[in-house]
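Novice:
2 protein chains.
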Amino acid sequence: MRWKRTHTCGELRKQNDQQTVILMGWVDRWRDHGNLLFVDLRDRYGITQIKVDIGSEAYPVAKRMRGEFVVAFKGTVSLRPLDMVNSQIPTGEVELVAHECIVLNSADTPPFQIGTTINASEDMRLRYRYLDLRNPRMQQKLLVRHRVAQVARQYLSENNFVEIETPYLMKSTPEGARDYLVPSRIWHGRFYALPQSPQTYKQLLMVSGFDRYFQIVRCFRDEDLRADRQPEFTQIDVEMSFVDEEDIFAIVEGLMARIFKSELDLELTVPLQRIPYDEAMRKYGTDRPDLRFGLELQDVGDLVHDSEFKVFSQAVASGGKVVGFAAPSCARYSRKQIDQLTDFCKERGAKGLVAIKVKGSEWDSPLTKFFTQEQQQAIVERLSAKDGDLMLFVADQVDLTLQIMGELRVMVARQEQLIPADVYKMAWVTDFPLFEYSEEERRYVARHHPFTSPRPSDLDKLETEPAKVKARAYDLVLNGLEIAGGSIRISTRELQAKMFNALGIRKEEAQEKFGFLLEALSFGAPPHGGIAFGFDRLIMLLTHSNSIRDVIAFPKTASAMSLMDGAPAQVREEQVKELGLILQQSPSIKAGE
Amino acid sequence: MRWKRTHTCGELRKQNDQQTVILMGWVDRWRDHGNLLFVDLRDRYGITQIKVDIGSEAYPVAKRMRGEFVVAFKGTVSLRPLDMVNSQIPTGEVELVAHECIVLNSADTPPFQIGTTINASEDMRLRYRYLDLRNPRMQQKLLVRHRVAQVARQYLSENNFVEIETPYLMKSTPEGARDYLVPSRIWHGRFYALPQSPQTYKQLLMVSGFDRYFQIVRCFRDEDLRADRQPEFTQIDVEMSFVDEEDIFAIVEGLMARIFKSELDLELTVPLQRIPYDEAMRKYGTDRPDLRFGLELQDVGDLVHDSEFKVFSQAVASGGKVVGFAAPSCARYSRKQIDQLTDFCKERGAKGLVAIKVKGSEWDSPLTKFFTQEQQQAIVERLSAKDGDLMLFVADQVDLTLQIMGELRVMVARQEQLIPADVYKMAWVTDFPLFEYSEEERRYVARHHPFTSPRPSDLDKLETEPAKVKARAYDLVLNGLEIAGGSIRISTRELQAKMFNALGIRKEEAQEKFGFLLEALSFGAPPHGGIAFGFDRLIMLLTHSNSIRDVIAFPKTASAMSLMDGAPAQVREEQVKELGLILQQSPSIKAGE
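For the protein sequence lines, the chains are S and G, in the order given. Heads up, the first sequence is in our numbering, so the first residue is 164 and it goes up one at a time. Heads up, the second sequence is in our numbering, so the first residue is 164 and it goes up one at a time.
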């Protein structure tokens with residue numbers, strides 16, 4: 164380098180007046196005023212205006228510059244005339260009067276304008292990701308990500324947690340999602356798997372006595388991707404020994420408070436609210452309730468089971484639920500608006516939606532004829548409905564009703580702009596069911612994972628009434644998203660074996676897949692538990708991003724491709740052969756096509 | 164948990180006398196003194212002695228404890244009688260007089276004694292890694308690793324570096340080592356590769372303007388493993404824009420100084436010594452010289468080319484070298500000892516070793532007859548040989564001679580215990596050749612990687628005299644090991660294309676493999692360069708470990724297996740089928756068998 168950079172483009176202020184400095188960066192804008200050129204020079208730290216006079220040595224070089232050229236300017240810092248001050252940027256009071264300049268590298272015209280996303284499709288932005296990442300808005304997201312990771316590491320280290328790196332090439336133990344496999348070249352026909360999480364390793368580290376472990380670690384799931392999923396994602400993974408739920412909640416609340424304070428300058432009120440799973444489902448129709456607004460669901464089954472309105476009474480009679488909430492000031496809704504809500508519910512499987520307007524404290528609805536005055540009144544009261552509200556009800560099977568009403572609650576809140584901006588409502592959801600029934604596999608599967616401890620008082624129901632067993636599991640929810648989930652683990656071999664059995668995993672299969680863990684539990688495992696944060700999602704929330712792809716430097720598309728380098732790609736024939744593998748058909752065929 | 168732990172087993176001191184505390188941990192030792200039991204309770208933080216009197220409630224429970232049981236004790240801290248103080252451990256002045264205790268988990272008898280490696284083969288230790296990791300010596304290594312990672316992150320963050328996570332599922336671009344491949348389930352016949360390093364990504368981040376990047380990141384190489392290699396290993400990966408070698412040296416020296424200060428309480432003297440590659444080869448016969456001792460090699464070709472000793476004169480005549488050094492006080496060596504040195508050289512390809520004893524300042528050797536008095540004297544002087552030294556020479560082709568003498572130098576230094584313990588000698592090796600000739604591929608290959616910038620003054624030789632082109636590459640060596648390597652990169656598309664061409668990579672191939680990088684370089688790449696540390700090796704050196712496996716929580720064997728969980732393992736047939744693959748033969752066959 165002929166020159167050394169003395170300052171960044173975000174650094175110069177009034178007090179640097181008259182200093183000779185060297186700046187390097189990208190040409191953000193370039194304006195030719197005849198015998199004067201202005202260059203806005205950009206780097207990660209900011210933008211500085213460069214003034215190039217026609218008389219200066221820099222002029223002929225600067226004249227040939229174009230957008231995104233990489234250039235260096237030597238010059239004198241100078242105060243801008245008062246009427247030229249740009250208060251929008253921190254360097255706006257000064258400019259650099261150029262003496263000399265160098266073009267360090269030229270640039271072809273970018274396929275889209277740097278710093279905006281207006282004229283670029285997301286595919287285009289992903290293909291030229293390195294250009295999209297020149298956008299200061301995108302850079303800020305990754306800077307937040309960096310800072311939050313550092314703060315988390317520092318907090319956990321201060322609290323005696325040890326970051327320990329666990330293997331990426333591990334054993335395939337598919338239970339839940341699909342593993343990415345890595346064929347072994349040395350052992351033909353055998354495969355490693357990329358970790359879906361370091362779950363077994365962190366438990367083994369507890370057996371080793373590491374006491375407090377964490378890791379910010381990449382995890383992998385070969386799933387059919389939804390919009391907010393990526394084949395590889397990052398977790399803050401935490402595990403502790405000699406603890407129960409309270410210890411884990413305290414550590415996590417401290418971590419979240421630290422992150423909120425350092426990144427958002429917000430004081431998080433702890434301890435956080437705790438909501439048992441059953442209550443969350445009952446009140447919000449979901450296990451990750453958005454608590455930034457009310458509209459709590461109300462079960463009115465007991466009030467309407469004997470009404471003449473068959474939709475309600477029959478739902479109750481057949482074991483279902485009638486659930487409603489009052490949409491504030493929505494009695495003004497037109498027929499069309501109500502039809503839209505009805506369609507929303509029908510798309511999700513409801514037979515229909517019952518909408519009743521409230522006027523004063525009375526019903527304003529043709530349905531009044533099916534209900535007694537007392538029933539009407541009781542319902543208004545149960546829903547705390549007020550004059551001008553619109554009461555909305557779905558009556559159907561329990562799970563479906565709750566789920567639909569939970570989604571409707573969020574939809575109405577968004578539509579009515581009841582969700583305050585820049586508010587963060589965090590809570591624990593606790594007492595999850597240990598199992599859920601998989602229609603596909605026709606068996607109970609672990610809701611969390613098979614290492615989650617059942618509640619001790621439910622142990623006797625493990626094999627007889629699995630649906631009733633609660634887990635020592637907990638989720639941390641923030642603004643309607645699950646940002647962390649964890650549990651107290653099973654720490655004895657006997658209970659772990661019983662759990663595998665309850666999950667319908669045969670003894671030999673359990674031994675083959677998880678023998679090493681069962682064995683480890685028999686050599687003195689401490690009581691332990693932990694949690695894992697979805698780091699990408701946390702950063703998404705902290706940066707108000709709409710897509711998880713915005714907070715990942717080089718993300719993949721919904722079909723798990725990298726549009727930038729074309730991965731996954733064909734490889735040389737020898738590479739496949741060396742692995743002892745044969746392709747079923749010629750490459751580049753999308754599976755199923 | 165019925166009880167809450169109040170202290171760790173490494174925490175109690177005299178000043179805790181008479182406090183009631185609860186400790187939890189593993190039974191390290193258990194001694195029955197009739198009406199008194201002693202339990203040494205162990206956790207990650209230390210060991211505390213528990214005294215259980217036959218009269219206490221704790222006694223019947225403690226009586227049933229065995230080694231490695233996980234237990235909790237409630238009791239009163241008490242000063243030990245002066246004659247029972249154990250000054251070996253920080254808690255040795257106190258003991259816990261137990262009131263109550265609980266067995267939290269029982270333990271089978273471990274296959275080897277915890278805390279020693281005496282009765283356990285390495286295979287056994289790897290199979291039960293979680294038990295081997297209970298060894299405080301092993302735990303300390305991972306704690307050092309954790310702390311060094313934190314210190315490195317903190318230092319780099321303070322210096323405006325941003326940690327950015329790059330993909331693990333990337334494109335296969337084998338150039339150098341073999342990639343681990345990950346078959347795509349969605350795109351049959353296509354593969355991802357696990358990164359050998361995030362080289363291309365970090366360069367793209369420079370093109371994005373991130374200016375200063377780092378990442379502590381896992382890398383993968385599917386190589387036939389040597390003793391000190393692992394299929395997955397960790398790098399501290401660093402890249403900077405608008406810099407030359409000096410900037411990178413300064414940042415890295417600051418980092419190393421910080422690590423040495425924090426972990427070893429040593430002041431590292433910076434700037435570090437710099438040794439051009441040619442000089443390193445000439446003086447030490449290696450590009451990673453161990454500078455903790457002298458024994459520098461001396462070329463005596465000019466002194467002996469016309470001697471009557473054909474071994475020497477013919478070596479020079481045929482373009483080879485005669486290189487020697489003086490082994491201090493080794494004139495005492497017996498015939499047998501000298502034969503051993505000779506064998507050492509022959510095993511490495513030398514035709515023989517010439518050993519000449521020095522008495523006073525004269526030769527004491529039958530070979531005197533072949534050399535003039537002046538030649539003898541000049542050689543003694545060139546080697547700075549003293550009375551009682553043994554001069555050792557190899558005469559052969561240049562590279563072979565230097566390599567063998569380099570190894571002999573280290574071997575003699577070890578044997579003579581000339582290498583001081585606890586001394587760290589760090590230096591830069593610079594000015595590497597850009598290319599090396601691959602006999603296997605019959606072409607020049609990149610010595611570092613194909614993105615390394617040639618020295619500007621050598622640009623004209625790139626296609627005509629590749630062997631003479633020097634690279635802007637540098638290695639950081641510590642005590643004879645390379646701990647980091649890096650370079651200033653190529654930052655223009657033109658030069659990068661020229662480089663691919665010089666490497667014999669056809670235009671279409673370069674486009675297909677690295678088109679995205681070439682394209683990125685055309686949109687305004689800043690001058691940039693970086694370095695990557697072998698983090699495992701650094702920790703090995705800092706913890707005085709003999710094996711890289713000792714500083715990795717869950718390492719693999721030389722055949723890339725995890726003895727603990729049996730990875731790589733067979734997977735279900737559907738898993739392979741879903742990937743569009745067929746196994747060449749039935750599984751579990753070691754390739755080539």
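Beta carbons are placed, not taken as given, at the ideal position from N, Cα and C, and that holds for glycine.
Tell me which same chain residues have a C-beta within less than 6 Å of the C-beta of Asn198(S), skipping the five on either side of it?
Specialist: So the qualifying residues of the chain are Ile217.
Novice: Are Ser241(S) and Val224(S) closer than 8 Å when you measure CB to CB?
Specialist: No, Cβ-Cβ distance for Ser241(S) and Val224(S) is not below 8 Å.
Novice: I need the straight-line Cα distance from Ser528(G) to Leu546(G), nearest angstrom please.
Specialist: Roughly 16 Å between the two C-alpha positions.
Novice: By how many angstroms is the C-alpha of Glu402(S) removed from the C-alpha of Pro135(S)?
Specialist: Residue 135(S) is absent from the model: chain S starts at 164 and stops at 756.
Novice: Return helix, strand or coil for Ala695(S), following the three-state DSSP convention.
Specialist: DSSP places Ala695(S) in strand when its eight states are reduced to three.
Novice: Assuming Val486(G) and Asp502(G) form a contact by the criterion Cβ under 8 Å, report the distance between their Cβ atoms to the nearest whole angstrom.
Specialist: About 20 Å; that fails the 8 Å criterion.
Novice: Counting along the chain, where does the alpha helix (DSSP H) carrying Asp216(G) start and finish?
Specialist: Run containing Asp216(G): none in the alpha helix (DSSP H); it sits in the beta strand (DSSP E), 209-216.
Novice: Please confirm whether Trp350(G) has its beta-carbon closer than 8 Å to some beta-carbon of chain S.
Specialist: At least one chain S Cβ lies under 8 Å of Trp350(G).
Novice: Could you spell out where the beta strand (DSSP E) holding Leu204(G) opens and where it closes?
Specialist: First-last of the beta strand (DSSP E) with Leu204(G): 199-206.
Novice: Should Gly512(G) go down as buried or exposed, given a rule of 16 or more other Cβ atoms within 10 Å for buried?
Specialist: By the 10 Å Cβ count, Gly512(G) comes out exposed.
Novice: Measure the C-alpha to C-alpha separation of Gln378(G) and Phe696(G) and round it to an integer number of angstroms.
Specialist: For Gln378(G) and Phe696(G), the distance between alpha carbons rounds to 10 Å.
Novice: What residues from chain S crowd round Asn745(G), counting only those whose CB sits closer than 9 Å?
Specialist: Contrary to the premise, residue 745(G) reads as Ile rather than Asn in this sequence. Within chain S, the residues near Ile745(G) are Leu744, Ile745, Leu746, Gln747.
Novice: Is the CB-CB distance between Ser654(G) and Pro619(G) below 8 Å?
Specialist: Contact flag unset, no.
Novice: Just checking: is the beta-carbon of Ile422(G) within a distance shorter than 8 Å of some beta-carbon in chain S?
Specialist: It does not: the Cβ of Ile422(G) has no partner Cβ on chain S nearer than 8 Å.
Novice: For the alpha helix (DSSP H) containing Asp527(S), name the first residue and the last one.
Specialist: Element bounds for Asp527(S): not the alpha helix (DSSP H) but the beta strand (DSSP E), 525-527.
Novice: Looking at the unbroken alpha helix (DSSP H) that takes in Lys446(S), where does it start and where does it end?
Specialist: Where Lys446(S) is concerned, the enclosing alpha helix (DSSP H) stretches over 440-447.
Novice: For the region 403-414 of chain G, enumerate the residues whose C-beta is nearer than 9 Å to any C-beta of chain S, in chain order.
Specialist: So the list reads Ser404, Phe405, Val406, Asp407, Glu409, Asp410, given in the order they occur along the chain.
Novice: Using a Cβ-Cβ cut-off of 8 Å, state whether Glu231(G) counts as contacting chain S.
Specialist: Yes, Glu231(G) counts as interfacial toward chain S.
Novice: At the 8 Å Cβ level, is His170(G) part of the contact set with chain S, yes or no?
Specialist: So, not an interface residue.
Novice: Residues in its own chain within less than 6 Å of Ala721(G) by CB, not counting five upstream and five downstream?
Specialist: So the qualifying residues of the chain are Leu388.
Novice: Looking at Lys514(G) and Thr564(G), is the spacing between their C-beta atoms short of 8 Å?
Specialist: No. Outside cutoff.
Novice: Using a Cβ-Cβ cutoff of 7 Å, what residues of the region 184-203 of chain G are near chain S? List them in chain order.
Specialist: Within the region 184-203 of chain G, the residues whose Cβ lies closer than 7 Å to some Cβ of chain S are Met187, Trp189, listed in chain order.
Novice: Hey, how far is the Cα of Pro452(S) from the Cα of Gly643(S)?
Specialist: Answer to the nearest angstrom: the Cα atoms are 5 Å apart.
Novice: Look at the alpha carbon of Ala283(G) and the alpha carbon of Phe275(G), and state the distance between them as a whole number of angstroms.
Specialist: Computed Cα separation, rounded: 6 Å.
Novice: What are the residues of the region 365-386 of chain G that lie near chain S, defined by any Cβ-Cβ distance shorter than 8 Å?
Specialist: Residues Leu367, Leu368, Val370, Ser371, Gly372, Phe373, Asp374, Arg381, Phe383, Asp385.
Novice: Find the residues of chain S that neighbour Pro529(G), judging by a C-beta separation of less than 8 Å, and give them in chain order.
Specialist: Within chain S, no residue comes near Pro529(G); the closest Cβ sits about 52 Å away, beyond 8 Å.
Novice: Nearest to Arg192(G) by CA position, among Gly278(G), Leu267(G), Lys177(G), is which residue?
Specialist: Considering only alpha carbons, the answer is Gly278(G).
Novice: Select from the region 204-231 of chain G all residues with a C-beta closer than 7 Å to any C-beta belonging to chain S, and list them in chain order.
Specialist: Taking 7 Å as the Cβ-Cβ cut-off against chain S, the residues of the region 204-231 of chain G that qualify are Asp206, Arg207, Glu231.
Novice: Could you give the uninterrupted runs of the alpha helix (DSSP H) lying entirely in the region 523-608 of chain G, keeping only those of 4 residues or more?
Specialist: Qualifying alpha helix (DSSP H) stretches, in chain order: 536-545, 561-578.
Novice: Between the C-alpha atoms of Gly667(S) and Arg606(S), what's the straight-line distance to the nearest angstrom?
Specialist: Looking at the two C-alpha atoms, the distance is approximately 7 Å.
Novice: Per DSSP, Tyr291(S) is paired with what?
Specialist: Answer is none; Tyr291(S) lacks a bridge partner.
Novice: Compile a chain-ordered list of the residues in the region 257-278 of chain S whose CB is closer than 8 Å to at least one CB of chain G.
Specialist: The region 257-278 of chain S vs chain G, Cβ under 8 Å: Leu267, Asn268, Ser269, Ala270, Asp271, Pro273.
Novice: At a Cβ threshold of 8 Å, is Pro253(S) touching chain G?
Specialist: With 8 Å as the cut-off, Pro253(S) does not count as an interface residue toward chain G.
Novice: Going by DSSP in three states, Asn249(G) sits in which element: helix, strand or coil?
Specialist: In this structure, Asn249(G) counts as coil in the three-state DSSP scheme.
Novice: Against Pro358(G), what residues of chain S qualify as contacts under a CB-to-CB distance less than 9 Å, listed in chain order?
Specialist: Here the premise fails: no neighbours, minimum Cβ distance about 10 Å.
Novice: Identify the contact partners of Thr655(G) in chain S, using a Cβ-Cβ distance below 8 Å as the criterion.
Specialist: Within chain S, the residues near Thr655(G) are Asn268.
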